[in-house]
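Protein chains: 2
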Amino acid sequence: MTLLRTHIGYSLRAARTAQGRTLRSVARDARVSLGYLSEVERGQKEASSELLNSICSALGLTLSSIMTDVAVELTAREAVTLTVVDAA
Amino acid sequence: MTLLRTHIGYSLRAARTAQGRTLRSVARDARVSLGYLSEVERGQKEASSELLNSICSALGLTLSSIMTDVAVELTAREAVTLTVVDAA
């Protein structure tokens, strides 16, 4: 099952690693614990909307840019799933 | 502050009312309580990723379609905010 938190985590991690930043640096700037950020990135914890904004801000990104990434990834994933189902 | 849960709530409510359906009907099909769905629609509660999938499924929508709506709305809202800031 495709979960929103999984894709939000992927996008946040991709943005952070593209910037060459550590979990510690982003967690500090976002004022969240390193463990919390790590769990959010791995899709193991739902980020509250407020803390998601803090993390986006710490990464210098807008919420819309992260959610656009998420929407594109979800759409691509669902297209692949439909193709596999059609082929079955 | 723009919150993700507010925009998810708007999109879910817009989809439900466009289908002419009641909270009760969608909550029953999604196997969530009416109060929970109402709070999610009003942006007062964060929907867990699993229950968001159940609500999308009850509405006959994909998660990607709801999240694309959310991304478009967030982008439009941020553009308006930037315009107001520029004009100030």
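As given, the protein sequences belong to chains S and Y, one line each in that order. Read in order, the letters of the first sequence are residues 1199 to 1286 in this note's numbering. Read in order, the letters of the second sequence are residues 1199 to 1286 in this note's numbering. Glycine included, each C-beta is placed from N, C-alpha and C at the ideal position.
_Per-residue contacts from Thr1266(S) into chain Y (C-beta, under 7 angstroms)_ = Against the first sequence, residue 1266(S) aligns to sequence position 68. In chain order: Ala1269, Thr1273.
*For Leu1250(S), which of helix, strand or coil comes out of DSSP?*
To locate residue 1250(S), count along the first sequence from 1; it is residue 52. Leu1250(S) carries a helical assignment under DSSP once its states are collapsed to helix, strand and coil.
*Starting from the Cα of Leu1210(S), find the closest Cα among Asp1284(S), Leu1201(S), Leu1232(S), Leu1250(S) and give me that residue.*
Locating residue 1210(S) in the first sequence gives position 12, counting from the first residue. Among Asp1284(S), Leu1201(S), Leu1232(S), Leu1250(S), the Cα nearest to that of Leu1210(S) belongs to Leu1250(S).
*Closer than 8 angstroms by beta-carbon distance: list the chain S residues that pair up with Ser1247(Y), in chain order.*
Locating residue 1247(Y) in the second sequence gives position 49, where the first residue counts as 1. Going along chain S in sequence order, the residues near Ser1247(Y) (Cβ under 8 angstroms) are Leu1201, Leu1202, Arg1203, Thr1204, Glu1244.
*asked:* Among Ser1262(Y), Thr1260(Y), Thr1215(Y), whose alpha-carbon lies nearest the alpha-carbon of Glu1239(Y)?
replied: Position 41 of the second sequence, counted from the first residue, corresponds to residue 1239(Y). With distances taken between Cα atoms, Glu1239(Y) lies closest to Thr1215(Y).
*Beta carbon of Leu1272(S) nearer than 7 angstroms to that of Ala1213(S)*: The count along the first sequence starts at 1 and reaches residue 1272(S) at position 74. The count along the first sequence starts at 1 and reaches residue 1213(S) at position 15. No; because the gap between Cβ atoms is not below 7 angstroms, this pair is not in contact.
_I'd like to check one pair, Thr1200(Y) with Arg1275(Y): are the Cβ atoms closer than 7 angstroms?_
Reading the second sequence from its first residue, position 77 is the one you call residue 1275(Y). Reading the second sequence from its first residue, position 2 is the one you call residue 1200(Y). The answer is yes: Cβ separation under 7 angstroms.
_Proximal chain S residues relative to Ser1262(Y), where beta-carbon distance stays under 7 angstroms_ = Counting from 1 along the second sequence, the entry for residue 1262(Y) is found at position 64. What Ser1262(Y) touches in chain S: Ala1269, Leu1272, Thr1273, Glu1276.
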